[in-house]
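See below for the structure under consideration.
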Amino acid sequence: MPRHRATLLPPARRTRRFSLIPLADTMFQLLIFFMLSSGLTPYSLLGFGQVPAGPEAHGAGNGSEPASAAGSLEDRVLWRITAGGLSFNAQHFEFSELETLSAGLSSRADPVSVVLIPEAAARIQDIVSVMAALNAAGVETVQLGISPQEG
Amino acid sequence: MALAIVNVVLLLIMFFLATNALWNQSAPTEIRLSQTRALPISQLPTPMLQIDLDDKMSLDGDPFPEAELGVRLAELDRVYLLMDRTAPGRQLTSLLADPVFQDIEVVLVTIRQRDTQSAMP
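So the protein sequences, as listed, match chains A and B. Residue numbers for the first sequence follow this note's numbering, beginning at 635 and rising by one. Residue numbers for the second sequence follow this note's numbering, beginning at 153 and rising by one.
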């Protein structure tokens with residue numbers, strides 16, 4: 635009889651094996667947690683140096699000062715930064731044209747210095763966008779000024 | 153096979169643990185830094201001078217009144233400035249015009265963004 639025969643067989647050997655699958659599952663969950671919680675924020679630094687004190691230290695925008703160490707008046711370009719754009723020579727430009735404008739300055743034969751005057755509506759992001767574009771274009775001298783009305 | 157996966161995942165966990173602890177120890181959370189695309193990437197440096205939208209100042213997370221700015225920065229050669237990207241630009245220019253910063257190099261901290269995103273506020 636099959637039932638009686640089954641009882642005569644030796645007991646099956648139970649093999650206990652350590653399973654790594656639960657460990658891997660837990661570690662994947664930990665990995666996802668740390669990936670989401672860790673902030674690998676890529677910071678960038680934008681340096682400002684002080685212009686030596688002089689008659690134009692706070693008046694680089696009025697165009698009536700003597701030539702500075704940054705260059706003569708002929709080599710100096712005045713950009714007024716507004717919200718989301720900039721203006722010079724009575725023309726307004728959007729930030730989408732910033733790379734073209736910066737490339738045009740850097741391609742000049744004589745080195746040019748740029749004076750940036752933030753208008754009242756300009757935000758820090760606007761200043762940073764302009765300075766970073768000029769930096770990327772290779773414009774060596776960029777000055778940040780205050781309009782004479784502001785003092 | 154599973155043992156190799158566990159090893160790799162363990163290494164990744166260690167990496168994210170270490171980078172999170174080292175890089176984000178004093179990262180600002182309540183301030184939206186300006187975004188750039190062209191500048192090289194660097195780690196968050198110290199000392200950090202944070203100026204909020206309401207002109208509240210703190211140096212490396214320690215708040216102080218504006219009148220103590222000169223005292224706090226007296227022995228520093230360089231300070232890393234954290235300002236909100238929506239703050240008025242003249243807040244930055246007036247700050248840089250302060251005589252306190254005459255002999256201190258000021259470095260504005262920004263966030264490098266991907267090329268696919270725009271750099272607008």
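The beta carbon of each residue, even a glycine, is placed where N, CA and C say it ideally should be. All of these numbers come straight from a predicted model, not from anything done at the bench.
Residue i burial status per 10 Å Cβ neighbour count (16 or more: buried)
i, result
"residue 198 of chain B", "exposed"
"residue 682 of chain A", "buried"
"residue 160 of chain B", "exposed"
"residue 155 of chain B", "exposed"
"residue 236 of chain B", "buried"
"residue 643 of chain A", "exposed"
"residue 166 of chain B", "exposed"
"residue 650 of chain A", "exposed"
"residue 780 of chain A", "buried"
"residue 670 of chain A", "exposed"
"residue 758 of chain A", "buried"
"residue 244 of chain B", "buried"
"residue 228 of chain B", "exposed"
Per DSSP, cross-strand counterpart(s) of residue i
i, result
"residue 214 of chain B", "B:211"
"residue 725 of chain A", "A:722"
"residue 202 of chain B", "B:210 and B:234"
"residue 257 of chain B", "B:230"
"residue 750 of chain A", "A:713 and A:778"
Among the options, the one whose alpha carbon lies nearest that of residue i
i, options, result
"residue 752 of chain A", "A:731, A:778, A:737 and A:741", "A:778"
"residue 666 of chain A", "B:192, B:162, B:205 and B:186", "B:162"
"residue 240 of chain B", "B:216, B:263 and B:207", "B:207"
"residue 258 of chain B", "B:223, B:183, B:224 and B:201", "B:201"
"residue 164 of chain B", "A:712, A:662, A:735 and A:710", "A:662"
"residue 226 of chain B", "B:205, B:204, B:218 and B:255", "B:255"
"residue 732 of chain A", "B:183, B:153 and B:190", "B:190"
"residue 749 of chain A", "A:676, A:713, A:644 and A:658", "A:713"
"residue 678 of chain A", "A:771, A:741, A:763 and A:647", "A:763"
"residue 222 of chain B", "B:251, B:233, B:238 and B:205", "B:251"
"residue 182 of chain B", "B:243, B:234 and B:228", "B:234"
"residue 261 of chain B", "B:247, B:213 and B:196", "B:196"
"residue 249 of chain B", "A:709, A:684, A:760 and A:723", "A:684"
"residue 238 of chain B", "B:205, B:153 and B:213", "B:205"
"residue 157 of chain B", "A:729, A:760, A:657 and A:646", "A:657"
"residue 655 of chain A", "B:192, B:232 and B:153", "B:153"
"residue 170 of chain B", "A:761, A:668 and A:646", "A:668"
Beta-carbon contacts of residue i that lie in its chain and below 6 angstroms, excluding the five residues immediately before and after
i, result
"residue 739 of chain A", "746 and 773"
"residue 210 of chain B", "202"
Residues near residue i in its chain [Cβ-Cβ closer than 8 angstroms; skip 5 each side]
i, result
"residue 726 of chain A", "716, 719 and 720"
"residue 263 of chain B", "185, 186, 187 and 188"
"residue 771 of chain A", "733, 736, 737, 739 and 740"
"residue 265 of chain B", "187, 188, 189 and 271"
"residue 709 of chain A", "744, 745, 746 and 747"
"residue 761 of chain A", "715, 750, 752 and 778"
Contact set for residue i: own chain, Cβ-Cβ below 7 angstroms, skip 5 residues either direction
i, result
"residue 767 of chain A", "732, 733 and 736"
"residue 168 of chain B", "none"
"residue 224 of chain B", "211 and 216"
"residue 754 of chain A", "none"
"residue 231 of chain B", "199, 201, 225, 256 and 258"
"residue 219 of chain B", "none"
CB-CB length for residue i against residue j, believed under 8 angstroms
i, j, result
"residue 729 of chain A", "residue 711 of chain A", "The pair is not a contact, with the Cβ atoms about 17 angstroms apart (cut-off 8 angstroms)."
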